[in-house]
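So the protein lines, in turn, are chains A and B. Heads up, the first sequence is in UniProt numbering, so the first residue is 1 and it goes up one at a time. Heads up, the second sequence is in UniProt numbering, so the first residue is 1 and it goes up one at a time. From the three backbone atoms N, C-alpha and C, an ideal C-beta is built for every residue, glycine too. Report on the following structure.
Number of protein chains: 2
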Amino acid sequence: MAGHEIIKKPLFTVDSVLFTVHEDTLKVLMVKRAQQPFQGAWGLPGGFIDIDLDQNTDMTARRKLADKTGFTPNYLEQLQVISGPDRDPRGFSVTLAYFALVAHQSVASHIDSVEMACWIPVSKLKELTTAFDHRQIIELSRQRLKQKTLYSLLPVFCLPQKFTIGQLMAVIETIIEKPLQRKSLMRRIEASEMFEISNEKISSGGRLAQLYSLKLDANIVNFERNLSI
Amino acid sequence: MAGHEIIKKPLFTVDSVLFTVHEDTLKVLMVKRAQQPFQGAWGLPGGFIDIDLDQNTDMTARRKLADKTGFTPNYLEQLQVISGPDRDPRGFSVTLAYFALVAHQSVASHIDSVEMACWIPVSKLKELTTAFDHRQIIELSRQRLKQKTLYSLLPVFCLPQKFTIGQLMAVIETIIEKPLQRKSLMRRIEASEMFEISNEKISSGGRLAQLYSLKLDANIVNFERNLSI
Numbered sequence: 001m002a003g004h005e006i007i008k009k010p011l012f013t014v015d016s017v018l019f020t021v022h023e024d025t026l027k028v029l030m031v032k033r034a035q036q037p038f039q040g041a042w043g044l045p046g047g048f049i050d051i052d053l054d055q056n057t058d059m060t061a062r063r064k065l066a067d068k069t070g071f072t073p074n075y076l077e078q079l080q081v082i083s084g085p086d087r088d089p090r091g092f093s094v095t096l097a098y099f100a101l102v103a104h105q106s107v108a109s110h111i112d113s114v115e116m117a118c119w120i121p122v123s124k125l126k127e128l129t130t131a132f133d134h135r136q137i138i139e140l141s142r143q144r145l146k147q148k149t150l151y152s153l154l155p156v157f158c159l160p161q162k163f164t165i166g167q168l169m170a171v172i173e174t175i176i177e178k179p180l181q182r183k184s185l186m187r188r189i190e191a192s193e194m195f196e197i198s199n200e201k202i203s204s205g206g207r208l209a210q211l212y213s214l215k216l217d218a219n220i221v222n223f224e225r226n227l228s229i
Numbered sequence: 001m002a003g004h005e006i007i008k009k010p011l012f013t014v015d016s017v018l019f020t021v022h023e024d025t026l027k028v029l030m031v032k033r034a035q036q037p038f039q040g041a042w043g044l045p046g047g048f049i050d051i052d053l054d055q056n057t058d059m060t061a062r063r064k065l066a067d068k069t070g071f072t073p074n075y076l077e078q079l080q081v082i083s084g085p086d087r088d089p090r091g092f093s094v095t096l097a098y099f100a101l102v103a104h105q106s107v108a109s110h111i112d113s114v115e116m117a118c119w120i121p122v123s124k125l126k127e128l129t130t131a132f133d134h135r136q137i138i139e140l141s142r143q144r145l146k147q148k149t150l151y152s153l154l155p156v157f158c159l160p161q162k163f164t165i166g167q168l169m170a171v172i173e174t175i176i177e178k179p180l181q182r183k184s185l186m187r188r189i190e191a192s193e194m195f196e197i198s199n200e201k202i203s204s205g206g207r208l209a210q211l212y213s214l215k216l217d218a219n220i221v222n223f224e225r226n227l228s229i
């Protein structure tokens with residue numbers, strides 16, 4: 001590392017791709033940019049580290065998401081660093097992209113109250129004017145989510161605290177864009193030991209459906225094989 | 001993103017954990033630090049982006065490794081971003097850690113000529129004074145390498161261009177710290193379609209061993225199941 005040289009520092013930002021599933025549609029949280037660059041275009045929620053507030057980049061991501069949604073996401077992980085001289089007109093820039101999941105219900109009312117934040121169906125993104133390389137970052141995240149959904153039960157983080165197997169199945173099917181066998185999902189749910197059976201049932205399609213919830217100490221189990229679809 | 005505010009920027013560095021296997025030992029490239037902070041301690045090869053030279057962080061990592069080894073690594077991937085107010089005495093710092101592999105033979109002569117760079121057996125790291133949180137970053141990388149070795153043939157990047165199955169097996173066994181069945185490795189080699197049989201053989205333990213090499217257009221295949229060991 002250079003000791004006493006003067007270093008031209010790149011811009012460093014943290015941006016989050018927050019997904020949810022709502023009405024059988026995969027949606028991503030986008031923010032209409034109030035300032036330059038890309039004023040008026042839709043971008044990912046994110047920004048600069050506040051070195052007085054944040055202990056690390058995870059906290060930057062959570063803080064910026066809480067600003068827009070009133071909520072920190074149920075799941076958050078680093079996706080990738082993207083960098084280059086041309087992605088930001090202000091100069092060489094580096095962004096750490098996070099990928100995150102939340103239940104639509106948890107944040108719906110807050111988002112409705114923030115004029116500049118909106119859930120956009122991923123399939124409609126190409127119709128919007130988007131900022132920076134955020135559309136490519138969303139596509140990378142979508143691929144990661146799809147891939148992880150084949151070998152884990154990650155989509156549970158798009159559901160409310162109590163959910164039915166039918167709801168979990170529907171969310172997974174929306175993400176992988178393929179139908180699923182209920183039997184093979186049930187086997188995974190049991191093998192994962194991630195869930196507990198609630199003492200409540202809800203009415204679903206004329207019968208009572210069991211409600212499940214994530215155990216407090218649940219680890220996200222990665223299966224050795226992808227889901228057979 | 002803040003538009004016209006004055007932002008206190010964190011330090012941003014790129015550091016690489018370059019592994020090789022030599023004499024049945026997993027080794028990591030360390031550099032004795034010539035300057036403060038941590039002058040005289042051993043650290044990872046890395047440093048600041050040069051925004052006039054580098055097109056992105058991958059190029060920063062490759063350039064810094066080439067400085068120390070005379071070579072760019074056979075394999076390089078992003079590991080993780082680590083950040084915080086206390087990891088660097090100069091202030092809040094963010095580092096993007098890469099994890100990389102190289103054949104010992106490719107870089108041995110150059111490294112011998114650079115006084116400040118040295119291959120250190122990973123098992124001996126605790127005996128050294130190390131800089132920053134670099135020891136933890138190396139441990140994270142070692143776990144990633146071990147995990148990936150269970151479902152891919154990544155350790156081939158620690159071998160010279162032409163190698164025997166025995167050499168590949170030895171490198172894998174060093175990384176996973178367990179013996180391997182030759183048969184199951186052979187099945188993976190065939191299934192991967194990553195290699196071609198060279199028209200050369202070398203003498204190995206009293207018989208002739210076939211030499212293999214990586215195909216030019218080889219993709220790194222991830223197997224659905226971990227190696228059975």
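Query: Could you check what DSSP says for R207(A) in three-state terms: helix, strand or coil?; Result: strand
Query: Do L18(B) and L101(B) come within 9 Å of each other at the CB atom, strictly closer than that value?; Result: yes
Query: What in chain A is Cβ-close to Q55(B), meaning under 8 Å?; Result: G84, P85
Query: Nearest-angstrom Cα distance between L93(B) and V21(A)?; Result: Correcting the residue identity first, residue 93(B) is Ser in this sequence and not Leu. Those two C-alpha atoms are separated by around 35 Å.
Query: Below 8 Å on the Cβ atoms is my contact criterion, and I expect I175(B) with L29(B) to pass it. Report the Cβ-Cβ distance as a whole number of Å.; Result: Between L29(B) and I175(B) the Cβ distance is about 16 Å, and since that is not below 8 Å, they are no contact.
Query: Please list, in chain order, the chain A residues whose beta carbon lies closer than 7 Å to that of Q80(B).; Result: Q78
Query: If you measure from the CB of L159(B), is any heavy atom of the ligand HEM nearer than 8 Å?; Result: Judged by which ligands are present, the structure shown has none, so any question about the ligand HEM falls away.
Query: Are there 16 or more other CB atoms within 10 angstroms of the CB of K215(A), so buried, or fewer, so exposed?; Result: exposed
Query: From the DSSP secondary-structure annotation, give me the bridge partner or partners of S93(B).; Result: L11(B), G84(B)
Query: Can you tell me whether G47(A) is buried or exposed, with buried defined as 16 or more other CB within 10 angstroms of its CB?; Result: buried
Query: Which chain B residues sit within Cβ distance under 9 Å of F12(A)?; Result: K9, P10, F12, V94
Query: Do V14(A) and K68(A) count as a contact pair if the criterion is CB distance below 9 Å?; Result: no
Query: For Q39(B), collect the residues of the same chain with a Cβ closer than 8 Å to its Cβ; drop the 5 residues on either side in sequence, then sort them by chain order.; Result: R33
Query: Would you tell me roughly how many angstroms separate the C-alpha atoms of E196(A) and L208(B), rounded to the nearest one?; Result: 59 Å
Query: Counting Cβ pairs, one atom from each stretch, are 3 or more of them under 8 Å apart for the segment 124–136 of chain A and the segment 125–138 of chain B?; Result: no
Query: Check whether chain A comes within 9 Å of E224(B), counting only Cβ atoms and requiring the distance to be less than that.; Result: yes
Query: Suppose the cutoff is 7 Å on Cβ atoms and the five residues either side in sequence are ignored; what does the same chain contact list for V156(B) look like?; Result: L168, L214
Query: Pick helix, strand or coil for I111(A), following the three-state DSSP scheme.; Result: helix
Query: Closer than 7 Å by C-beta to S16(A): which residues in its own chain qualify, once you throw out the five before and the five after it? Chain order, please.; Result: L44, P45, G46, A61, K64, L65, Y98, A100
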